[in-house]
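Report on one structure; see the data block that follows.
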Amino acid sequence: QILPLAERFIPLDDSIVRPILTTPVLAFCLAGAGTLSSSAFVLPVLKQKGWADRADGTAALAVLLLQDIAVAPLLVILPLVAGSGPQSAQELGVLVGKATFGFGGVLVAGSVVLRQIFSFVAAARSS
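So the number in this note's numbering is just where the residue sits in the sequence shown, counting from 1, plus 310.
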């Protein structure tokens, strides 16, 4: 079985995990951070093994990018889960509006700025 084998190398003992995860909110935050930070580890491995241009590598990259995009809604939801977020529907609407406007602004500005940068780099024709 896998779990006893994993426990030999990675201590999955309750005495180690329980003091760290004192509340469900903290567990949610740590789980979200752990699952959404995998692209930094996977992308170099894909390139090193030459899998980045294969169909499997492209599919893995698509999943990783989707996880990276999921960070923005997670950051909006986090204050609600923690109980320190907006208390009324109006405050929640303002928060969602700000998040949508900010995220959309970053996407639009990023696409415009990146298009200009890429055209400048392409015009330089350096090797």
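For every residue, glycine included, the Cβ atom is placed at its ideal position computed from N, Cα and C.
Between Val352 and Leu376, the CB-CB gap reaches or exceeds 9 Å. Secondary structure of Thr410 (DSSP, three-state): helix. Scanning its chain for C-beta atoms nearer than 8 Å, with the 5 sequence neighbours on each side dropped, one finds around Leu336 the residues Ile330, in chain order.
Counting of Cβ neighbours within 10 angstroms places Ala365 among the exposed residues, the total staying below 16. In this structure, DSSP gives Ser348 a state outside helix and strand, which the three-state scheme calls coil. Per DSSP, reduced to three states, the secondary structure at Asp366 is helical.
Look at Arg425 here: in three-state DSSP terms it is helix. Taken atom to atom, the span from the alpha-carbon of Leu340 to that of Ala350 is near 17 Å. Taking the Cβ atoms as the reference, Ala370 lies roughly 21 Å from Leu384, outside the contact range of under 8 Å. The residues Leu384, in chain order, have a CB closer than 6 Å to that of Gly342 in the same chain once the five nearest residues on each side in sequence are set aside.
Straight through space, the alpha carbons of Ala382 and Gly403 are spaced by roughly 16 Å.
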